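Read in this note's numbering, the sequence shown has 890 at position 17, and its numbers run on one by one without any break. Every residue, glycine too, gets a C-beta built ideally from N, C-alpha and C. Here the structure is a predicted model, which means the values were calculated and not measured. Structure first, then comments.
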Amino acid sequence: MPTSQNTFTPDVIAAVLHHMNDDHSDDNLLIARAFGTPDAESATMIDLDQHGGQWTYSAAGQAQALTVPWTAEISERAEIRREIVVLYDKACATLGVSPRPH
């Protein structure tokens, strides 16, 4: 059951984090570079809720926290993917990188 603070259950969050960190680590880094600092060297998605995603990234040997809001508040698991794709596309546009097809 979701907590009153987060729409998504711990198992949903864990699955998304596992997928992002194992299969999309390059996307995490693009998001950190676009929304955090262009000097980010590595990034890990650490949490999410109905309002946005949270990452940590390293730049110049220092760990930094990053929260990026979704384009709209979400409540369904499928909406998480949509919002991460939006962030990825915005990150690519900001950094001048050609996005891969979705």
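When the Cα atoms are used, what is the spatial distance from Phe-908 to Ala-887?
-> 23 Å
Under 9 Å, do Tyr-930 and Leu-939 count as touching if we go by C-beta distance?
-> Taking 9 Å as the cut-off, the Cβ atoms of Tyr-930 and Leu-939 count as close.
At least 3 beta-carbon pairs within less than 8 Å: the segment 878-885 vs the segment 899-908 | Segments in contact, no.
Could you give the distance in angstroms between the alpha-carbon of Ser-915 and the alpha-carbon of Val-889?
-> Straight-line measurement puts the Cα of Val-889 at about 18 Å from the Cα of Ser-915.
Run the CB neighbour count on Ser-971, radius 10 Å, all protein chains shown included, and call it buried at 16 or more, exposed below.
-> exposed
So, are the CB atoms of Ile-947 and Gln-927 less than 9 Å apart?
-> no
How about Thr-917 and Asn-894: do their beta carbons lie closer than 9 Å?
-> yes
Can you give me the start and stop residues for the beta strand (DSSP E) that Thr-940 sits inside?
-> It spans 935-942 - the beta strand (DSSP E) in which Thr-940 sits, taken as one unbroken run.
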